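S.K.: Add 1314 to the 1-based position in the sequence shown for our numbering, that's all there is to it. Idealized CB from N, CA, C, for every residue including glycine. What you are looking at is a predicted structure, and each value in this text was computed from that prediction instead of being measured. Have a look at this one.
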Amino acid sequence: MATIVKKFTATSTFSDGGEITEFSAADFAKFQPADFALITTLQASTLTAEYLATLKAASIPSLVKVLTKIPSDALTGIIPAAMVSLPLTTLTSDQLPVLTAGQIGALTSTQIATLTTKQLAFLAPEQLGAISAKSLAGLNIANLKGDLISNLPLEQFPFLTSTQVGLLTAAQLTTLDAEHLNALTVGTIKAPGNIAGLKVALLVSDNISKLLPEQETRITYPVRARFTSLPSRLIRTCSPQIVTFITLFIHQT
């Protein structure tokens, strides 16, 4: 049963064209899960940013069934603190592009992990750049298919984990320029990308670190031949990220 003072029904109305009818934003702020469950898709389509600004994180899951019907511009009203409960998988191609930097910066790694290839394509580079360093670890790098990886801002590359970089494909790496390739790091250790698709000539020598002995011995001559543009001493000095890539390449050859 609804818990607000006024009884909310399928015919109740929210603000329309600036005119407050039955239920104001202040009334909406008092809604409980039982009240949200009564909202119809038609009613949801009339909600504005003013209404959504009153939502708390605990309230958002109760709106899942009508979330796609809420106007895109209304979603900008959700405060960052409440974004942790927003199910990204339900957002449409019209809704995702309107999310603000503040809202995206509040998303968790678990939420970021749910973004599909199609959804990631709807996000602008500025939005991808707003993902916090901590939450970026949840990004499924495989979903940035093809040149979508180039939409990830340069400043985000140093925060990719060795696991994420290890999952980059040759197709993804061939779309990256020297600046992006040389921005890949693990902590403060510079690390270039996947050997299978790596443009070795684009790498700077300072971006080569130590290769683990047990993996160095597994590199065959054909693989080493790919590194003829680098001094021999650098062929044997690769970071944790490049170690992962060399291993993957060896298994593929």
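Which of the three DSSP states is assigned to Phe-1337 in this structure?
M.R.: It is coil, neither helix nor strand.
S.K.: Who are the Cβ neighbours of Pro-1527 in its own chain at under 6 Å, not counting the five residues just before and after it?
M.R.: Residue placement at Pro-1527 cannot be trusted, given a pLDDT of 45 that sits under 50; the coordinates are not used to answer.
S.K.: Please state whether DSSP places Phe-1328 in a helix, a strand or coil.
M.R.: In the structure shown, Phe-1328 sits in coil (DSSP, three-state: anything other than H, G, I, E or B).
S.K.: Can you tell me whether DSSP reads Pro-1467 as helix, strand or coil?
M.R.: DSSP places Pro-1467 in coil when its eight states are reduced to three.
S.K.: So what's Pro-1401 in DSSP terms, helix, strand or just coil?
M.R.: Residue state, collapsed to three classes: coil.
S.K.: Can you tell me which of the three DSSP states Thr-1323 falls into?
M.R.: Here Thr-1323 sits in coil by DSSP.
S.K.: From this set, Asp-1408, Gly-1480, Thr-1489, which residue's C-alpha is nearest Arg-1455's C-alpha?
M.R.: The question names Arg, but residue 1455 in the sequence shown is Ile. Taking only the C-alpha atoms, the option nearest Ile-1455 is Gly-1480.
S.K.: Distance, Cα to Cα, Glu-1469 vs Leu-1442?
M.R.: Distance between the alpha carbons of Glu-1469 and Leu-1442: 10 Å.
S.K.: Between Val-1412 and Thr-1390, how many whole angstroms is the CB-CB distance? I'm expecting something under 8 Å.
M.R.: The pair is a contact, with the Cβ atoms about 6 Å apart (cut-off 8 Å).
S.K.: Can you look up Gly-1391 in the DSSP assignment and give me helix, strand or coil?
M.R.: Gly-1391: coil per DSSP, three-state reduction.
S.K.: So, are the CB atoms of Thr-1360 and Phe-1328 less than 7 Å apart?
M.R.: Contact flag set, yes.
S.K.: Taking the C-alpha atoms as reference points, what is the distance between Ile-1384 and Thr-1404?
M.R.: Looking at the two C-alpha atoms, the distance is approximately 11 Å.
S.K.: Apart from the five residues on each side of it in sequence, which residues of its chain come closer than 7 Å, Cβ to Cβ, to Ala-1438?
M.R.: Correct list, in chain order: Pro-1411.
S.K.: Using the C-alpha atoms, what's the distance from Glu-1440 back to Leu-1352?
M.R.: Using only the alpha carbons, I get a separation of about 36 Å.
S.K.: Closer than 7 Å by C-beta to Glu-1493: which residues in its own chain qualify, once you throw out the five before and the five after it? Chain order, please.
M.R.: Taken in chain order, the residues that qualify are Leu-1468.
S.K.: Alpha carbon to alpha carbon, how far is Ala-1395 from Lys-1370?
M.R.: Each residue's Cα considered, the two are about 8 Å apart.
S.K.: Whose C-alpha, out of Leu-1495, Ser-1386, Gln-1357, Leu-1356, is nearest the C-alpha of Thr-1414?
M.R.: When only C-alpha atoms are compared, the closest one is Ser-1386.
S.K.: Buried or exposed, going by whether 16 or more other CB atoms sit within 10 Å of the CB of Leu-1421?
M.R.: Buried, since its Cβ has 16 or more Cβ neighbours within 10 Å.
S.K.: Taking all protein chains shown into account, decide if Ile-1522 is buried (16 or more other Cβ within 10 angstroms of its Cβ) or exposed.
M.R.: Because the pLDDT at Ile-1522 is just 41, under 50, the model does not fix this residue reliably, and the value given afterwards should be weighed accordingly. Buried.
S.K.: Which two residues bound the contiguous alpha helix (DSSP H) that contains Val-1479?
M.R.: Taken as a continuous stretch (DSSP letters only), the alpha helix (DSSP H) holding Val-1479 covers 1476-1480.
S.K.: Which word fits Val-1380, buried or exposed, when buried means at least 16 other C-beta atoms lie within 10 angstroms of its C-beta?
M.R.: Counting Cβ neighbours within 10 Å, Val-1380 comes out buried, since at least 16 surround it.
S.K.: Assuming Thr-1362 and Ala-1388 form a contact by the criterion Cβ under 8 Å, report the distance between their Cβ atoms to the nearest whole angstrom.
M.R.: Their Cβ separation, rounded to whole angstroms, is 5 Å, which keeps Thr-1362 and Ala-1388 in contact under 8 Å.
S.K.: With H, G and I counted as helix, E and B as strand and the rest as coil, what does DSSP make of Ala-1497?
M.R.: Ala-1497 falls in the coil class under three-state DSSP.
S.K.: With burial defined as no fewer than 16 other Cβ atoms inside 10 Å of the residue's Cβ, what is the status of Leu-1453: buried or exposed?
M.R.: Buried.
S.K.: Does the Cβ of Thr-1430 have 16 or more other Cβ atoms within 10 Å, making it buried, or fewer, making it exposed?
M.R.: Exposed, since its Cβ has fewer than 16 Cβ neighbours within 10 Å.
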